[in-house]
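One line per chain: the protein sequences are A and B, in this order.
Just so you know, numbering that gives the first Met the number 0 puts 35 at position 36 of the first sequence, and the rest follows in order with no gaps.
Just so you know, numbering that gives the first Met the number 0 puts 86 at position 87 of the second sequence, and the rest follows in order with no gaps.
Let me begin by presenting the structure, written as structure tokens, before commenting on it.
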Amino acid sequence: MERKIRVLVAKPGLDGHDRGAKVIARALRDAGMEVIYTGLRQTPEQIVNAAIQEDVDVVALSILSGAHNHLFPRVVELLKERGADDVLVFGGGVIPEEDIPFLKSKGIAEIFGPGTPTSKTIEFIRANVKRPLC
Amino acid sequence: MTDFEKLEQDFQAWQAKVEKANEKYPERKKQFVTGSNVPVNRVYTPLDQKDFDYTTKLGLPGEFPYTRGVQPTMYRGRLWTMRQYAGFGTAEESNARYKYLLEQGQTGLSVAFDLPTQIGYDSDHPLSEGEVGKVGVAIDSLADMEVLFDGIPLDKVSTSMTINAPAAVLLAMYIAVAEKQGVAPEALNGTIQNDILKEYIARGTYIFPPAPSMRLITDIFEYCSKHVPNWNTISISGYHIREAGATAVQEVAFTLADGIAYVEAAIRAGLDVDEFAPRLSFFFNAHNDLFEEVAKFRAARRVWAHIMRDRFGAKNPKSWMLRFHTQTGGSTLTAQQPDNNIIRVTLQALAAVLGGTQSLHTNSRDEALALPTEEAVRIALRTQQIIAYESGVAETVDPLAGSYYVESLTDRIEKEVFQYIKRIDDLGGAVKAIEQGYIQQEIQDSAYAWQMDVEKGERVIVGLNKFQIKENPPKGLLRVDPAVGERQKQKLVALRAGRDQKAVDSALASLRRAAQGTDNLMPPILEAVRAYATLGEICGVLREEFGEYRPNVMF
Chain A
0 MERKIRVLVA KPGLDGHDRG AKVIARALRD AGMEVIYTGL RQTPEQIVNA
50 AIQEDVDVVA LSILSGAHNH LFPRVVELLK ERGADDVLVF GGGVIPEEDI
100 PFLKSKGIAE IFGPGTPTSK TIEFIRANVK RPLC
Chain B
0 MTDFEKLEQD FQAWQAKVEK ANEKYPERKK QFVTGSNVPV NRVYTPLDQK
50 DFDYTTKLGL PGEFPYTRGV QPTMYRGRLW TMRQYAGFGT AEESNARYKY
100 LLEQGQTGLS VAFDLPTQIG YDSDHPLSEG EVGKVGVAID SLADMEVLFD
150 GIPLDKVSTS MTINAPAAVL LAMYIAVAEK QGVAPEALNG TIQNDILKEY
200 IARGTYIFPP APSMRLITDI FEYCSKHVPN WNTISISGYH IREAGATAVQ
250 EVAFTLADGI AYVEAAIRAG LDVDEFAPRL SFFFNAHNDL FEEVAKFRAA
300 RRVWAHIMRD RFGAKNPKSW MLRFHTQTGG STLTAQQPDN NIIRVTLQAL
350 AAVLGGTQSL HTNSRDEALA LPTEEAVRIA LRTQQIIAYE SGVAETVDPL
400 AGSYYVESLT DRIEKEVFQY IKRIDDLGGA VKAIEQGYIQ QEIQDSAYAW
450 QMDVEKGERV IVGLNKFQIK ENPPKGLLRV DPAVGERQKQ KLVALRAGRD
500 QKAVDSALAS LRRAAQGTDN LMPPILEAVR AYATLGEICG VLREEFGEYR
550 PNVMF
């Protein structure tokens, strides 16, 4: 039997907008995944520590403050340093289209903008999770 | 037969006829609801207002219970203050935007600070990396504040500052800039948000735990009542509560519950209710459901008037009045077909005006994508000006009063708000309800229900889940210069090299002593600000003395 997908929903930086992060966290849980939410104001180091400690398959980053170009790549880098580059990392929030190619080149698998249905995020995770589920 | 009995009879007959026709030509939906899921009847008649008593429910404008507005003549006397929230990058860039807005006919300033400033970190703090100047202007010391208001006479404008945990420090900086312009504190007009409870609930820029945070707030109440008498010492905010997903009823209920907590804290600190209550102000959201939003504002005024008079025994009518700022709903804007947002904002602004707002910020069409461009802000401001000067809605007071529908909604919201307040009282008040996560959980449930309704198509969002088109990525969005972080760091190096370090150290030591005791914190903060101590240094002392808030994380 397949095990449940484990997801860390994380809020990097100082941004306090977490309506989206919480809605996503709940939607993923309702879709049968195991979800941990970090709460606000996490440094990339804290996020990666939590990801490794909780042995997650996916890190979902949410940011609306505009600090994504600085914070998202740092999470991917640190995961790599810790030998956890098989963790799927993607992000969402208020992120201009023109920043997306840069973020993807840094290893962020996808960026979901405002208005994305949670069903799309769920499908994306199921189709792209890298670590074996059985 | 009385008029009501006759109408009742006619209504029954009419209802039967309509139901019959309905079988053949059904209505669009099985159940109609407001934007906040309140059921909506087919039609409203005097039967829905059988116990309506004009004097107790509405009263006259400017009179208890202020349902119709806080001033006797409302917009016939003076239009609402048009106040666009703005700020980004450095103090120089924001100063230029303020001057532009004033030239365009804006009548008050509203300062947006960046996240490090809002959380009490200097621009060179490691946690500030990537955040400096992004969602607002970076202010590290009085030197930045002097630049921010350069050429803007502080006795001529009113300034609202969205600052909460470090509100005392930014207010002190404003007072100090005014001193340098030769303007006395008594002549200053404006508002600090200073509402920590909604930061714990919904907005997230808290620093200290509840007890010392409430002390800072009541210290500001006391200080301003003596020295800055025209200053609105708090803006008790439902805006962010609504943005986090609350319904209209929850927005009002949780905001007024927070208001009750502040009043109780100030009374416990030994203040007389009529000394500080006239300077309490509020901040609400305006979403798309026009009539529900208008009813919400009217109900909020009525509920607060009763709370202040009946619960707290306030005697001064000014203590009974709920004065409020409105901002249109950021979370209602779509990144898809962004021009449609202009129409959403128009409806929301209309609701705020029909609801009797004292000041208004209209969002710009591009805000689901980025900070607004100058052109987008101008359209948003023009929207207010068209409502004010062309629509005719400002020519009479509370024009929707007496509508069977609007009065029914107003009554219903009032009733449900009192029910929530009772529940929160039973939990031990707003602070306890927040610590237990009750308020956050209620909001999260509403947010999730809304999202699911949208995804199922039960809520239509034009351009998002219906009437979609293929679009090219938007062009010409505002980008904050990434060099702003470096520039702020250099300014800090120069500041620290050029100031009298002894004066800074001694001011920070006095602040620490005051924090350890019970003296009002405003005078030592003002002294530290005048010595060019940085925001991070001042908040750093308070962090060491007060500790930091650790939220209960859940979803």
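We put the CB at the ideal spot given by N, CA and C, even for glycine.
Residue contact check for R18/A against chain B: a CB pair falls below 8 Å. Per DSSP, V262/B is not a residue of any beta strand (DSSP E); the alpha helix (DSSP H) it occupies stretches across 247-267. Contact check for V8/A against A24/A passes: the beta carbons are separated by less than 8 Å. Non-local C-beta neighbours of E91/B in its own chain, meaning closer than 7 Å and more than five positions away in sequence, comprise V146, ordered along the chain. If you ignore the 5 residues before and after I412/B, its C-beta comes within less than 6 Å of the C-beta of V248, A294, K295, A298, all in its own chain and listed in chain order. Distance from the CA atom of A379/B to the CA atom of G391/B, rounded to whole angstroms, is 18 Å. C-alpha of R322/B to C-alpha of N339/B: approximately 30 Å in a straight line.
Between K79/A and G38/A, the C-beta gap is not smaller than 8 Å, which leaves the two residues out of contact. As summarised for the stretch 24-93 of chain A, the continuous alpha helix (DSSP H) elements at least 4 residues long and confined to that stretch are 43-52, 67-80, given in chain order. In this model, L477/B and A432/B are separated by some 40 Å (Cα to Cα). Contacts between T117/A and chain B, judged by CB atoms closer than 9 Å, involve Q450, M451, E454 in chain order. Within its own chain, the residues whose Cβ lies closer than 8 Å to the Cβ of G312/B, once the five positions on either side in sequence are excluded, are V272, listed in chain order. Partner residues in the beta bridge of L359/B, as assigned by DSSP, are M81/B, T325/B. For V262/B, the CB contacts under 7 Å within the same chain, skipping 5 residues up- and downstream, are V272, A276, F311 in chain order. Neighbours of Y238/B across chain A, judged by C-beta separation under 8 Å, do not exist; the nearest C-beta is about 13 Å away.
Only L126, E128, G129, E130, K133, V134 from the stretch 126-159 of chain B bring a Cβ to less than 7 Å from some Cβ of chain A.
Membership of N94/B in the alpha helix (DSSP H) is indicated by the continuous run 90-102. For the alpha helix (DSSP H) assignment, the uninterrupted runs of no fewer than 4 residues enclosed by the stretch 398-466 of chain B are, from N- to C-terminal side, 403-425, 429-434, 437-454. Chain-ordered listing is empty here: chain A has no CB closer than 8 Å to the CB of A111/B, the nearest sitting near 12 Å.
Here E44/A is not near R5/A, since their CB atoms are 8 Å or more apart. At a cut-off of 8 Å between beta-carbon atoms, E76/A makes no contact with chain B.
Its Cα nearest to that of P71/B, the residue M320/B stands out among D452/B, M320/B, K19/B, L46/B.
The beta carbon of T232/B sits closer than 6 Å to those of I219, F220, C223, R278, all from its chain and outside the five residues before and after it, given in chain order. When 9 Å is used as the limit between beta carbons, P95/A is near these residues of chain B: L368, A369, P472, P473, L476, R478, in chain order. Three or more beta-carbon pairs separated by less than 8 Å are not found between the stretch 1-17 of chain B and the stretch 367-381 of chain B, which leaves the two stretches without contact.
Chain-order list of chain B residues neighbouring V22/A: A446, Y447, Q450, by C-beta distance under 7 Å. Just measuring C-alpha positions, the residue of E366/B, Q335/B, R542/B sitting nearest V461/B is Q335/B. Taking a cut-off of 8 Å on C-beta distances, the stretch 104-118 of chain B touches the stretch 126-136 of chain B, as three or more cross pairs fall below it.
Within 8 Å of the CB of L87/A, no CB atom of chain B is found; the nearest one sits about 20 Å away.
About 6 Å separates the CB atoms of A514/B and L541/B; that is less than 8 Å, so the two are in contact.
In the DSSP assignment, A111/B is bridged to T161/B. Counting only Cβ-Cβ distances below 7 Å, F554/B has contacts in chain A at K21, A24, R25, Y36, in chain order. For G203/B, the closest Cβ of chain A is nearer than 8 Å.
Contact annotation, V57/A with L87/A: C-beta distance approximately 5 Å; criterion of less than 8 Å satisfied.
At a Cβ-Cβ threshold of 8 Å, V75/A and I107/A count as neighbours. In the structure shown, the three-state DSSP call for V8/A is strand.
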